């Protein structure tokens, strides 16, 4: 391990890491630990020093740090393999522009940040014209995942993926019987698109868990200790997942300064970085309903306006006072919320899978939905027991029109829907908002209805705009002069 200071540029290092923030440092050390040499560079010298110090503490010996980009490039074995972990957007373009004069035809660039898939496709075209290989790779799992084994979603140049696959398959999270949590996703921006939808599902999953917490606390009166026990119990069953596991842990934490439960001291205003919004935008663009994800994005936006909510709370009235739930009714409420959370999660995941299926058909990506569920089973934020069943559903029928139509999921939602409806109804009477839980139920009821009131919407559109309508009893498009009828 060394800070070369511009020396030792022998062209033998197997992987270059550009960007040594938290994720870059962690992924680079993961690569070194799996037996590959790594050279790192950052636009500022301090991260390089911190990374080398961290590598020294962890006993990593096959790493090099550079403070000049040309030195990093010269240290790499040809064809060069360089991973970019820098801020999405303009910084990626600026970094690529700095690298271009230093690279040769056949070199490979991997953008491992959370980038918009259309930018990835543009860069792939531009770099291909210069003889360079490029792909965008979604990486999920946070700092710990990057260090110990993330879920990775690479897409773009297939030859580039094949070149680096021996490294990626070793550094990925591993699932016994299912292999490494990485696969070639598809061409173009497919990798970053899948990561975008993964994050959209994550938004929905987190919102659903937050709503379950709200019902249990506000309607059921559960203490934080009871909430911790409840979520820990759920994590031992069909709801087992990383997010449910950490939720149980969160309720046990005390503030070291006050001794109070830390969860009760955290401001109720959620932030976001944009991938959930991108998911909703593209779903609207290609005409796929992702209502659970959309309302989860909206819930974060609404929560962020805390000052507005505090002002409105002093003016707007809610339902009349309701009697507190009886202690002997808590168990029944907990069981109902558990069922509602499972059913609503199924709808959220179904929407994400449907979006990827539609995008794949539209853009010619040939996404394998069962394989995508497989690589999310470990290493990523939405890892869950649930994903094994999604994988099985798409292996039974790769052309499954909707996850909820799989016989297994169909039957599970059927037996849970009464509890699901009861939770939503009780929350409404208590004035507790459940946008994602209720939105998922609305999605379920919408797709199971043979007839919707959109016939009236079409009549209105034809009335005021002459947009025409279709009829049930004969083919064609029709217009009516409604004012003359």
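Residue numbers (this note's numbering): 9 to 493.
Ideal Cβ placement from N, Cα and C applies to all residues, glycine included.
Predicted, not measured: the structure shown is a model, and the values here were computed from it.
Item                                                                                                        : Value
Sufficient close CB pairs (3 or more, under 8 angstroms) joining the segment 241-260 to the segment 383-396 : yes
Which listed residue (476, 474, 193 and 282) has its alpha carbon closest to that of residue 383            : 193
First and last residue of the uninterrupted alpha helix (DSSP H) at residue 415                             : 415-438
Three or more C-beta pairs below 8 angstroms linking the segment 130-137 and the segment 349-369            : no
Identity of the residue in 20, 139 and 126 nearest residue 83 by Cα                                         : 20
Simplified DSSP state of residue 300, which is helix, strand or coil                                        : helix
N- and C-terminal bounds of the alpha helix (DSSP H) containing residue 327                                 : Here residue 327 belongs to no alpha helix (DSSP H), and DSSP marks it neither H nor E.
Residue 217 versus residue 488 - alpha carbon distance                                                      : 48 angstroms
Buried/exposed call for residue 40, threshold 16 Cβ in 10 Å                                                 : buried
Of the residues 480, 390, 62 and 403, the one placed nearest residue 379, counting alpha carbons only       : 403
Whole-angstrom distance between residue 335 and residue 204, CA atom to CA atom                             : 43 angstroms
Neighbour-count burial assignment, residue 498, 16 or more Cβ in a 10 Å radius                              : For the chain, the structure presents residues 9 to 493; residue 498 sits outside this window and is missing.
Secondary structure of residue 455, DSSP reduced to three states                                            : helix
Residue 81, enclosing alpha helix (DSSP H) - first and last residue                                         : 77-82
Alpha-carbon spacing of residue 439 relative to residue 469, whole angstroms                                : 34 angstroms
Whole-angstrom distance between residue 322 and residue 435, CA atom to CA atom                             : 21 angstroms
Beta-carbon proximity check, residue 447 vs residue 299, cutoff 9 angstroms                                 : yes
Integer-rounded CB distance, given that residue 81 should sit under 8 angstroms from residue 111            : 7 angstroms
Cα-Cα separation between residue 127 and residue 368, rounded to whole angstroms                            : 17 angstroms
Residue range of the unbroken beta strand (DSSP E) whose run includes residue 161                           : 159-164
Residue environment, residue 213, which counts as buried when at least 16 other CB atoms sit within 10 Å    : buried
Beta strand (DSSP E) segment containing residue 148, residue limits                                         : 141-148
Strand pairing of residue 183, partner residues [DSSP]                                                      : 187
For residue 481, three-class secondary structure by DSSP                                                    : coil
Cβ neighbour criterion (16 or more within 10 Å) applied to residue 89                                       : buried
Continuous beta strand (DSSP E) stretch holding residue 119: start and end                                  : 116-119
Contact check, residue 271 vs residue 243, beta carbons under 9 angstroms                                   : no
Beta carbon of residue 445 nearer than 9 angstroms to that of residue 352                                   : yes
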